[in-house]
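Student: Numbering-wise, my numbering puts 134 at position 119 of the sequence shown, and it's gapless, one number per residue.
All C-beta atoms in this analysis are idealised placements derived from N, C-alpha and C, irrespective of residue type, glycine included.
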Amino acid sequence: MHVHNSPPTTVYVEFEPIGRRGVVSAEMSLLDAARHLGVELVSICGGVGICGRCKVRLLSGQLSELTAHERAALSQQEIEQNFRLACMAYPLSDCKVDVPPESLSTPMRTQVEGMEEVVESIESPMCSVTVELEIPSLSHPVADAENLLQAVRRLSDGPVTTIDLGVLQELPRQLRAWDWRCQAHVRGDEIVAVTPVGTPPLGLAIDLGSTKIAGYLVDLRDGRILATHGMMNPQIGYGEDIVSRITYAENTPEGALRLQQVVVEGLNQLIEALCNVAGADRQHILEAVIVGNTAMHHLLLRLPTRQLARSPFIPVVVSDLDIRARDLGLRIAPGARVYIPPNIAGYVGADHVAVLIATARTWSEGTTLVLDIGTNTEVSLITPAGAITSLSCASGPAFEGYHIQHGIRATAGAIERVQITSEHVFYKTIHDAPPVGICGSGILDAIAQLRLAGVLGENGAFRADSHPRLRRIDNQWHFVLAEQDGRLITVTQQDVREIQLAKAAIQTGIEALLRENGIAAEQVSKVLIVGAFGSYIDIANAVAIGMLPALPLERFAQIGNAAGVGARQLLLSDSLRQAARALHTRVRFIELALYPGFGKMFAMNCRLMPHRPQGRSDDPGG
Numbered sequence: 016m017h018v019h020n021s022p023p024t025t026v027y028v029e030f031e032p033i034g035r036r037g038v039v040s041a042e043m044s045l046l047d048a049a050r051h052l053g054v055e056l057v058s059i060c061g062g063v064g065i066c067g068r069c070k071v072r073l074l075s076g077q078l079s080e081l082t083a084h085e086r087a088a089l090s091q092q093e094i095e096q097n098f099r100l101a102c103m104a105y106p107l108s109d110c111k112v113d114v115p116p117e118s119l120s121t122p123m124r125t126q127v128e129g130m131e132e133v134v135e136s137i138e139s140p141m142c143s144v145t146v147e148l149e150i151p152s153l154s155h156p157v158a159d160a161e162n163l164l165q166a167v168r169r170l171s172d173g174p175v176t177t178i179d180l181g182v183l184q185e186l187p188r189q190l191r192a193w194d195w196r197c198q199a200h201v202r203g204d205e206i207v208a209v210t211p212v213g214t215p216p217l218g219l220a221i222d223l224g225s226t227k228i229a230g231y232l233v234d235l236r237d238g239r240i241l242a243t244h245g246m247m248n249p250q251i252g253y254g255e256d257i258v259s260r261i262t263y264a265e266n267t268p269e270g271a272l273r274l275q276q277v278v279v280e281g282l283n284q285l286i287e288a289l290c291n292v293a294g295a296d297r298q299h300i301l302e303a304v305i306v307g308n309t310a311m312h313h314l315l316l317r318l319p320t321r322q323l324a325r326s327p328f329i330p331v332v333v334s335d336l337d338i339r340a341r342d343l344g345l346r347i348a349p350g351a352r353v354y355i356p357p358n359i360a361g362y363v364g365a366d367h368v369a370v371l372i373a374t375a376r377t378w379s380e381g382t383t384l385v386l387d388i389g390t391n392t393e394v395s396l397i398t399p400a401g402a403i404t405s406l407s408c409a410s411g412p413a414f415e416g417y418h419i420q421h422g423i424r425a426t427a428g429a430i431e432r433v434q435i436t437s438e439h440v441f442y443k444t445i446h447d448a449p450p451v452g453i454c455g456s457g458i459l460d461a462i463a464q465l466r467l468a469g470v471l472g473e474n475g476a477f478r479a480d481s482h483p484r485l486r487r488i489d490n491q492w493h494f495v496l497a498e499q500d501g502r503l504i505t506v507t508q509q510d511v512r513e514i515q516l517a518k519a520a521i522q523t524g525i526e527a528l529l530r531e532n533g534i535a536a537e538q539v540s541k542v543l544i545v546g547a548f549g550s551y552i553d554i555a556n557a558v559a560i561g562m563l564p565a566l567p568l569e570r571f572a573q574i575g576n577a578a579g580v581g582a583r584q585l586l587l588s589d590s591l592r593q594a595a596r597a598l599h600t601r602v603r604f605i606e607l608a609l610y611p612g613f614g615k616m617f618a619m620n621c622r623l624m625p626h627r628p629q630g631r632s633d634d635p636g637g
């Protein structure tokens, strides 16, 4: 008699030194098992074996055979030491793996503060009235809902005809607990919440970024910010960039649902943190505004995303939306609404609309450029006549520290500032912690300083024997920025190429907008740089390599999280919501990849040198 041992359907996996362990399906990769057990591994490519960042080391047990992707991503020494890519390795038995620190997703510096905001008057769509109801009796057995409606109508200017179902479900208990006195909060013709007398109506503004989320708790009566909080976007575990997440959503069973669930749960954690800081009750949050790029917008609403990643990059919807918070799963007041501003195009979303709303007062009488620099950089040019032209640049994730050999997010120990002389290197790390890698602002500084010191040529190539820190390692030039515990932190030739591509995309976008509007760079009177990355870059270094126009430094302003400011303004003002709708039709969008002469412009802009793009000319090469 033959006994056939069938493969196990479940396995027990341990992740050390984190101490997370549990039973998972044998059909899960180690990356999926890590997600299931709450271990956040870096996964830039979304788990398709390309980025090589989810390295783990097998300590015991058996895994599936090494794949071609792993042989390409791992060194021979790593293979001999039992390193694997978690996204490619499947457990064949119970196993234990070690997770090196660089494979763990670490907390990142988030940007929640922005420019000073101005709201001339509070025009919230919410109206709050304090009412005293009649106490029902046998001689006057009025229903609770009608009793409330009658009391509100006596004090309200407009017709109030309905009560949200979620309010009705709690109304009997609340009215009797509060001795028939309460605050009723009306939106349009509907009562969307009731609260105890004296409690402030609260609003929630959220900037839902691909990497980071910023939240603000606001008093709707006067616009005061009661609490702010920033966090990582939990979708990062499913892909660092938007294209990877779209791929996961479209190609993984229930992938879109999972991405929506994790971000909604993250938003609920954010709400809880905000309320804890302010000593507030989340049930008193009556109105919310959420802004994000078009892809984040679609993933939050679980709208199809496949068409966003394919030419001609068509969104499902671009008009603004007003939806019930509970339909999204947000745990705030039962009848609370979420306002989502309009998108402009497939890669210019509601977050950029919020940026334009927030910065409108600062636009100069001359020409203004507004840039939100990131994996996808949005740029708008506003002419003196008020015409707005926008585009997006695929600048890639290098400025987030990805595709850089020693790149990391903006976390403790990341090199964020670099100065290079003919013989020495000076650097600063975040929180002055020991160096562990290079973040986006640090790699930008390093490339510019290497160029200024003559270590890099205009074409981005290292010049042999140009600096004592320049070394030949594994048949490639490495410039050593730091050494920690015997580990070198370097800038490689490939790192330089990544920054050349990123800066060329942004430079070409700016040049296209200038040409399209017949404006010379010298005519730009103000450049507004918004967003987390833009808050920390050294403008002079960005100008030195041509990423930004060669203008006097006083024309540049770094204004922080303008999208968050715009979200708060939209929370408080109906007229600004109307302005956002008008922007949707007012902005002229350019598809950069189709712009005449794009290829030649991009190739020229890969050079590391200050550049002064001119207005429209017959020669697309400039």
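Please report how far the alpha carbon of I458 lies from the alpha carbon of I514, in whole angstroms.
Tutor: One-based indexing of the sequence shown puts residue 458 at position 443. One-based indexing of the sequence shown puts residue 514 at position 499. Distance between the alpha carbons of I458 and I514: 8 Å.
Student: Taking buried to mean at least 16 other C-beta atoms within 10 Å of its own C-beta, is N474 buried or exposed?
Tutor: As a first step, residue 474 must be located in the sequence shown, where it is residue number 459. Counting of Cβ neighbours within 10 angstroms places N474 among the exposed residues, the total staying below 16.
Student: Can you name, in chain order, every residue of its own chain whose Cβ lies under 7 Å from the Cβ of A369, other than the five neighbours on each side?
Tutor: For the purposes of this step, residue 369 is taken as residue 354 along the sequence shown, with counting starting at 1. Counting only Cβ-Cβ distances below 7 Å, and skipping sequence neighbours, we find V306, P356, A578, G581, A582, L585.
Student: Using a 10 Å radius around the Cβ and a threshold of 16 neighbouring Cβ atoms, would you call I441 buried or exposed?
Tutor: Walking along the sequence shown from the start, residue 441 turns up at place 426. A small correction: the amino acid at residue 441 is Phe; Ile does not occupy that position in the sequence shown. When all chains shown are included, F441 counts as exposed.
Student: Cα-Cα, which of T145, N162, C290 is closest to S152?
Tutor: As a first step, residue 152 must be located in the sequence shown, where it is residue number 137. Checking every option, the nearest Cα to that of S152 belongs to N162.
Student: So A413 packs on I445, CB below 8 Å; how close in whole Å?
Tutor: Locating residue 413 in the sequence shown gives position 398, counting from the first residue. Locating residue 445 in the sequence shown gives position 430, counting from the first residue. The distance from the Cβ of A413 to that of I445 is about 18 Å, inconsistent with a contact at the 8 Å cut-off.
Student: With distances taken Cα to Cα, identify the nearest neighbour of E185 among G76, G350, L496.
Tutor: Sequence index remark: in the sequence shown, residue 185 carries index 170 (1-based). Checked all of G76, G350, L496; the closest Cα to E185 is G350.
Student: Can you give the Cα-Cα distance for V28 and E95, rounded to whole angstroms?
Tutor: Walking along the sequence shown from the start, residue 28 turns up at place 13. Walking along the sequence shown from the start, residue 95 turns up at place 80. V28 and E95: Cα-Cα distance of roughly 21 Å.
Student: Of all the options A468, R432, G428, which has the alpha carbon lying nearest to the alpha carbon of P449?
Tutor: Sequence index remark: in the sequence shown, residue 449 carries index 434 (1-based). The residue with the shortest Cα to Cα distance from P449 is G428.
Student: Less than 7 Å between C-beta atoms, sequence neighbours within five positions excluded: which residues of the same chain meet that for A365?
Tutor: Indexing the sequence shown from 1 puts residue 365 at position 350. Closer than 7 Å at the Cβ level, and outside the excluded window around A365, lie V306, G307, H312, I355, P356, P357, N358.
Student: Starting from the N-terminal side, write out each stretch of the alpha helix (DSSP H) that is 4 residues or longer and does not extend beyond the stretch 40 to 72.
Tutor: 45 to 51
Student: Taking only three categories from DSSP, how would you classify Q126?
Tutor: To locate residue 126, count along the sequence shown from 1; it is residue 111. Below a pLDDT of 50, predicted positions are generally treated as unreliable, and Q126, at 49, falls in that range; the measurement from the model is reported next regardless. Three-state DSSP puts Q126 in coil, outside helix and strand.
Student: What does DSSP give as the partner residue(s) for H244 in the beta ladder?
Tutor: Locating residue 244 in the sequence shown gives position 229, counting from the first residue. For H244, which the question treats as bridged, DSSP gives the partners G230.
Student: Given a cut-off of 7 Å, decide if T390 and D256 are closer than it, judged by their beta-carbon atoms.
Tutor: On the sequence shown, position 241 is the one that residue 256 refers to. On the sequence shown, position 375 is the one that residue 390 refers to. Result yes, Cβ atoms of D256 and T390 sit closer than 7 Å.
Student: Quick check on the DSSP output: the alpha helix (DSSP H) that includes F613 runs from which residue to which?
Tutor: As a working note, residue 613 is residue 598 in the sequence shown. Membership of F613 in the alpha helix (DSSP H) is indicated by the continuous run 613 to 620.
Student: State the CB to CB distance for the pair P650 and C197, rounded to an integer number of angstroms; the pair is presumed to be in contact (CB under 8 Å).
Tutor: The first residue shown for the chain is 16 and the last is 637, placing residue 650 beyond what the model contains.
Student: Classify R239 as helix, strand or coil using the three-state DSSP reduction.
Tutor: As a working mapping, residue 239 is identified with position 224 in the sequence shown. Three-state result, R239: coil.
Student: Closest to I347 by C-alpha separation, out of R72, R432, G181, would be which residue?
Tutor: If you number the sequence shown from 1, residue 347 lands on position 332. The residue with the shortest Cα to Cα distance from I347 is G181.
Student: Give the straight-line distance between the Cα atoms of F477 and D460, rounded to the nearest whole angstrom.
Tutor: In the sequence shown, counting from the first residue as 1, residue 477 sits at position 462. In the sequence shown, counting from the first residue as 1, residue 460 sits at position 445. The alpha-carbon atoms of F477 and D460 are separated by roughly 16 Å.
Student: Quick one: complete beta strand (DSSP E) runs, 3+ long, within the stretch 534 to 609?
Tutor: 539 to 545, 571 to 573
Student: Go ahead and label N665 buried or exposed: buried means 16 or more other beta carbons lie within 10 angstroms of its beta carbon, across all protein chains shown.
Tutor: Only positions 16 to 637 of the chain appear in the structure, and residue 665 is not among them; the question remains open.
Student: Short of 6 Å in beta carbon distance, which residues of its chain neighbour L386, apart from the five on each side in sequence? Order them along the chain.
Tutor: Residue numbering aside, residue 386 sits at position 371 when the sequence shown is read from its first letter. The answer, listed in chain order, is V394, I544.
Student: Could you compute how far the alpha carbon of A375 sits from the alpha carbon of P140?
Tutor: Position 360 of the sequence shown, counted from the first residue, corresponds to residue 375. Position 125 of the sequence shown, counted from the first residue, corresponds to residue 140. Rounded to whole angstroms, A375 to P140 spans 22 Å at the Cα level.
Student: CA-CA distance, R622 and L89?
Tutor: For the purposes of this step, residue 622 is taken as residue 607 along the sequence shown, with counting starting at 1. For the purposes of this step, residue 89 is taken as residue 74 along the sequence shown, with counting starting at 1. Roughly 32 Å between the two C-alpha positions.
Student: Determine the direct distance from the alpha carbon of T392 to that of G361, and round the result to whole angstroms.
Tutor: Within the sequence shown, residue 361 is the residue found at index 346, counting from 1. Within the sequence shown, residue 392 is the residue found at index 377, counting from 1. Computed Cα separation, rounded: 13 Å.
Student: Between V146, Q509, L587, R601, which has its C-alpha nearest D194's C-alpha?
Tutor: Reading the sequence shown from its first residue, position 179 is the one you call residue 194. Nearest C-alpha to D194: V146.
Student: For T25, name the three-state secondary structure that DSSP assigns.
Tutor: Translated into the one-based positions of the sequence shown, residue 25 becomes position 10. In this structure, T25 counts as strand in the three-state DSSP scheme.
Student: Quick check on DSSP: helix, strand or coil for M141?
Tutor: Position 126 of the sequence shown holds residue 141. Strand at M141.
Student: Specify whether the stretch 230 to 239 and the stretch 256 to 271 touch according to this definition: at least 3 beta carbon pairs, one from each stretch, less than 8 Å apart.
Tutor: no
Student: State the CB to CB distance for the pair L217 and A340, rounded to an integer number of angstroms; the pair is presumed to be in contact (CB under 8 Å).
Tutor: By one-based count along the sequence shown, residue 217 stands at place 202. By one-based count along the sequence shown, residue 340 stands at place 325. That pair is no contact at about 12 Å.
Student: Which first and last residues belong to the beta strand (DSSP E) in which A461 is found?
Tutor: Counting from 1 along the sequence shown, the entry for residue 461 is found at position 446. A461 -> not in any beta strand (DSSP E); alpha helix (DSSP H) instead, spanning 455 to 467.
Student: What's the gap between the Cα of Q126 and the Cα of L528?
Tutor: If you number the sequence shown from 1, residue 126 lands on position 111. If you number the sequence shown from 1, residue 528 lands on position 513. The pLDDT assigned to Q126 is 49, lower than 50, so where the model puts this residue is not dependable; a value taken from the coordinates is nonetheless given after this. So the alpha carbons of these two residues sit roughly 28 Å apart.
Student: What span of residues does the alpha helix (DSSP H) with Y263 cover, start to end?
Tutor: In the sequence shown, counting from the first residue as 1, residue 263 sits at position 248. Element bounds for Y263: 257 to 266.
Student: Using the Cβ count rule (16 or more neighbours within 10 Å means buried), how would you classify S326?
Tutor: In the sequence shown, counting from the first residue as 1, residue 326 sits at position 311. Exposed, by the Cβ-count rule.
Student: Rounded to the nearest angstrom, what separates D447 and P116 at their Cα positions?
Tutor: Numbered from its first residue, the sequence shown carries residue 447 at position 432. Numbered from its first residue, the sequence shown carries residue 116 at position 101. The alpha-carbon atoms of D447 and P116 are separated by roughly 19 Å.
Student: Going along the chain, which residues of its own chain have a beta-carbon closer than 6 Å to the beta-carbon of G524, five neighbours each way excluded?
Tutor: Position 509 of the sequence shown holds residue 524. Once the five neighbours on either side are set aside, the close Cβ partners of G524 are V394, L406, C408, L607.
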